[in-house]
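Under our numbering, read the sequence shown as residues -17 to 117, first letter to last. The structure appears right after this line, and notes come after that.
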Amino acid sequence: MSFCCGASMVGTKGTLKHYRTQVHNVPLLFCPVCHRVEVHYKVESEYEILAEYAHGDGVTDVDFQDYVLEDESAIFENVINVESEDPLAIVQSQIDMALDLLAVAKQIEDAKWERELKKRLAVMSQRRHRLQQKA
Ligand SMILES: [Zn+2]
-17 MSFCCGASMV GTKGTLKHYR TQVHNVPLLF CPVCHRVEVH YKVESEYEIL AEYAHGDGVT
43 DVDFQDYVLE DESAIFENVI NVESEDPLAI VQSQIDMALD LLAVAKQIED AKWERELKKR
103 LAVMSQRRHR LQQKA
């Protein structure tokens, strides 16, 4: 588990900018408190190599997923912790997180990521609605 500001950081995926090169689908850790985003420590060196390589080639867009075949669940296994929490609280915190990430996406002007997050938000608010009706 990674910590920042005393809160546990959340695993996600997003786009990072390396000079003029955008690297998509990079496993990231996100601090829900201060909104700091960093490359997931398990793929840090892969990210650096790929970003440098793409930048050196003058490529403007590169997809991390196409180059690095890490098992996603293995990357995030220590990050995502749920189980004992109540499902409504989990959905609510996921919505809050997606909203925070949306602010980040807007900040770095990543329209693709923004669209994905909005889609995710729509799905999660439906889920929340269903859970609320059950309760
Ligand atoms: Zn923080």
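Quick reminder that beta carbons are idealized off the backbone N, C-alpha and C, glycines included.
Judged by beta-carbon spacing, residue 4 lies beyond the 7 angstroms limit of residue -6, meaning their Cβ atoms are not closer than that value. The set of residues with any CB-heavy atom separation to ligand 1 below 6 angstroms comprises, in chain order, -14, -13, 13, 15, 16 and 18. For residue 8, the enclosing beta strand (DSSP E) stretches over residues 3 to 12. The segment 99 to 111 makes no contact with the segment 6 to 18: fewer than 3 CB pairs, one atom from each, lie closer than 8 angstroms. Burial state of residue 1 is exposed, judged by a 10 Å Cβ sphere holding fewer than 16 other Cβ atoms. If only uninterrupted beta strand (DSSP E) runs of at least 3 residues are considered, none is enclosed by the segment 57 to 116.
For residue 0, the uninterrupted beta strand (DSSP E) run begins and ends at -8 to 0, by DSSP. Ranking 45, -15 and -8 by CA distance to the CA of residue 72 puts -8 first. A distance below 6 angstroms between beta-carbons, with the five flanking residues on each side excluded, links residue 84 to the following residues of its chain, in chain order: 99. Residue 21 carries a strand assignment under DSSP once its states are collapsed to helix, strand and coil.
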